[in-house]
Amino acid sequence: MSDESHGGGGPRSEADAEAVAAAHADALASLAAELVGDGRPAPRDAVGEWRTLFPGTVVTPGDPEYDDARRVWNGYVSAFPAAVAYPTTPAGVARVVDAAQETGLGIATRSGGHSSVGTSTGDGVLVCDVGAMRDVTVDPAAGTATVEPGATIGELDAATTEHALATPQGVAPEVGVTGLTLGGGTGYLSRAHGLACDRLRRVELVTAAGERARSSTARPRQRTGSGATRERVTASPARNPDLFRAVRGAGGDFGVAVELEFDLVPVPDEVAMCDTWFGVDGADEIAALLRAYRRLLRAAPRETNVSPYVARVPDEPGFTDDRAGDLALCVLGAHAGDPEAGERALAPFRDLARESERGTEEERESGDGTNRGGDATAPLIDHAERVPYRELQRYLGGDSAAGDRYYWKSVAVESFTDDLVALVAERMTALPGGAGAGPDSTVVVWPMGGAIADLDPGDTAVPERDAEVVLNFEACWSDPGADDEHVSWARESAESVREVATVTGELPNFSGTERGESAARDVYGDNYDWLRETKREWDPERVFSPSGRL
1 MSDESHGGGG PRSEADAEAV AAAHADALAS LAAELVGDGR PAPRDAVGEW RTLFPGTVVT
61 PGDPEYDDAR RVWNGYVSAF PAAVAYPTTP AGVARVVDAA QETGLGIATR SGGHSSVGTS
121 TGDGVLVCDV GAMRDVTVDP AAGTATVEPG ATIGELDAAT TEHALATPQG VAPEVGVTGL
181 TLGGGTGYLS RAHGLACDRL RRVELVTAAG ERARSSTARP RQRTGSGATR ERVTASPARN
241 PDLFRAVRGA GGDFGVAVEL EFDLVPVPDE VAMCDTWFGV DGADEIAALL RAYRRLLRAA
301 PRETNVSPYV ARVPDEPGFT DDRAGDLALC VLGAHAGDPE AGERALAPFR DLARESERGT
361 EEERESGDGT NRGGDATAPL IDHAERVPYR ELQRYLGGDS AAGDRYYWKS VAVESFTDDL
421 VALVAERMTA LPGGAGAGPD STVVVWPMGG AIADLDPGDT AVPERDAEVV LNFEACWSDP
481 GADDEHVSWA RESAESVREV ATVTGELPNF SGTERGESAA RDVYGDNYDW LRETKREWDP
541 ERVFSPSGRL
């Protein structure tokens, strides 16, 4: 697949993609007849007989459920898989892998289906939807949670917070734990306790080969029949550490995860949080606020996690009518520790406009601390409270609607310099679309450091350990006719960052839809070469290549 191809806006037409899917469905039908073993021809409806051997549902082109089954959360990613299988057990997952290898199909794993990158589907692939496997078991004495692959962040939080425990996860409860974790995973707890993948103790996977076979990189495909002989592979610091290193950030490219075990951390009964909006009039005022944010972030404890983002002022109670539709610079934050200490730590971020009057570090040293805050000296709205951690995790729930179109491109930078601050402020004022034109695009600044930096860049597949911040350019829209405008804005924004900053990589979960080696090197940086070597060991035939990058 070329570097230029991508899941939602590739060069192929939908008719071409449907033809590919149908052709591969015929291959599945042939396999179905062979598995039934009665010597009959292999009509398309033989897939129905294969279903009787499979502990779950299979949907193929031509089935009335197919159009719904093929769709994912990101409407920009429109793919036509050969089939969508819904296993309910690890043995069922093994049979899906068997079917894929027998027919030469690739596998895309779908847990929550919220991949903005589009890795949970593909044209002509066999989608393994593990959404029915969603049990969560907590051992409070050991401080661990064992999670099936279809569980959501909300379900994991519900189980762990019953025991005043949690593990770093994303901030949308409807997102699947597995996809988020195996792509890195950032959230409110990350500066205090690391990325989601950093808290993994163990991952159980169904791989293309298994441990015994992987020593032969030139082996032919070998059937395992019902899947009973296909072994589950354990990846942990003690078992297959090379695989464990790789799946933490590039997990979907190595197998189907059927169980994850996490280390948990204590969380207080309540945590301090804030969501404060400042009216801004132009890039200069945004830049002043971002410089103040940078100064505060560098002095903040690792328990404090605050992200600035740009938004349009809604026409809602609590906001002044005359600012509806205008841009605002917002700060969303929380403190993963004592709530009283958290309120003290968040207070200067809530007063960001006044902090911006102090100017840049250089200006303060020279005595030129002039007011850079302009009309943004008081917040438009200041929402601050103490909430249970589980409620904090729900705060942004449903913020990104299913079926809308998304292209999100992240860039991790070594230092949030003045030149970069100015560039980000300019891109924040140049959002695609317009007020009332659909879902709002945004730019989010994610803080790194703290526990994230406790690991070296090569300890996992996620290379952004030394980054000060990650900039995420989030294009969001609903009209397919606006694809080019929105995707171009996000891509050009990310490229412009590379021109003025030292970039360490892209967060795998927020890395656009580009495919190929060039895109992979942008994402994984110096980790790319050892990831390719690990890929050749564990998946030499590239059965699992949903990202098209390894």
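Residue numbers (the UniProt record's numbering): 1 to 550. Where is the CB? At the ideal position from N, CA and C, for every residue including glycine.
What number of angstroms, rounded off, separates the C-alpha of residue i from the C-alpha of residue j?
i, j, result
"T152", "V503", "31 Å"
"D526", "A250", "14 Å"
"D382", "L329", "12 Å"
"D399", "S307", "16 Å"
"R491", "E541", "31 Å"
"R532", "D242", "12 Å"
"R515", "A108", "15 Å"
"G318", "T160", "34 Å"
"D139", "A196", "18 Å"
"A79", "A461", "27 Å"
"G458", "K535", "16 Å"
"F416", "P480", "34 Å"
"P268", "A482", "45 Å"
"L296", "T186", "20 Å"
"residue 552", "D67", "Nothing can be reported for residue 552: it is not among the residues displayed for the chain, which extend from 1 to 550."
"T513", "R71", "16 Å"
"E506", "E537", "24 Å"
"R344", "Y293", "15 Å"
"T89", "A172", "26 Å"
"Y528", "R239", "22 Å"
"G279", "Y188", "25 Å"
"A141", "P266", "12 Å"
"G548", "L352", "42 Å"
"S478", "A299", "40 Å"
Thinking C-beta only, is residue j closer than 7 Å to residue i?
i, j, result
"G170", "L182", "no"
"M273", "L392", "yes"
"L264", "T146", "no"
"M428", "V310", "yes"
"T178", "A246", "no"
"P508", "V523", "yes"
"P379", "T276", "yes"
"S518", "V117", "no"
"V469", "V500", "no"
"T60", "A83", "yes"
"V421", "L290", "yes"
"G184", "A451", "no"
"A425", "A336", "no"
"E303", "A192", "yes"
Helix, strand or coil: how does DSSP classify residue i here?
i, result
"residue 562", "Here the chain has residues from 1 to 550 only, and residue 562 is not among them."
"Y66", "helix"
"V424", "helix"
"N472", "strand"
"G548", "coil"
"L455", "coil"
"L243", "helix"
"E533", "helix"
"H486", "helix"
"residue 551", "Given that the chain is displayed from residue 1 to residue 550, the structure contains no residue 551 and the question cannot be resolved."
"G143", "coil"
"R219", "Its pLDDT being 42, under 50, R219 is placed unreliably by the model, and the measurement read from it follows with that caveat. Residue state, collapsed to three classes: coil."
"W408", "strand"
"L380", "strand"
"D129", "strand"
"G106", "coil"
"S441", "coil"
"E385", "strand"
Going along the chain, which residues of its own chain have a beta-carbon closer than 8 Å to the beta-carbon of residue i, five neighbours each way excluded?
i, result
"G131", "Y86, R110, S111, G112, G113, G150 and G176"
"G106", "A100, G122, G124, V125, L126, R542, V543, F544, S545 and P546"
"S496", "L423 and R427"
"D440", "A311, R312, L431, G433 and C476"
Ordered along the chain, which non-local residues of its own chain (more than five positions away) have a Cβ less than 6 Å from that of residue i?
i, result
"G75", "G403, D404 and R405"
"S226", "At S226 the pLDDT is 44, less than 50, meaning the model places this residue with poor confidence and gives no usable figure here."
"V96", "A85, P87 and C128"
"D326", "V313"
"L260", "V147 and V203"
Only counting the same chain, and skipping five residues up and downstream in sequence, which positions put a Cβ closer than 7 Å to that of residue i?
i, result
"A494", "K409, V411 and F473"
"E270", "P339, R386, V387 and P388"
"A467", "A412, V413, E414, M448 and T504"
"L156", "V136, A145, V147, Q169 and V177"
"R201", "T144, S236, E261, F262 and D263"
"A287", "V421, A422 and A425"
"L550", "A250, D253, A520, L531, R532 and K535"
Comparing the C-beta of residue i with each C-beta of chain B, is any distance below 7 Å?
i, result
"G118", "Absent from the structure is chain B; it holds one protein chain and no more."
Taking the runs of the beta strand (DSSP E) that are 3 residues or longer, which of them lie wholly in the region 269–356? Runs found: 271–279, 304–312 and 327–335.
Ignoring anything shorter than 4 residues or poking outside the region 147–196, list the alpha helix (DSSP H) runs there in chain order. Listed in chain order, they are 153–161, 177–182 and 190–193.
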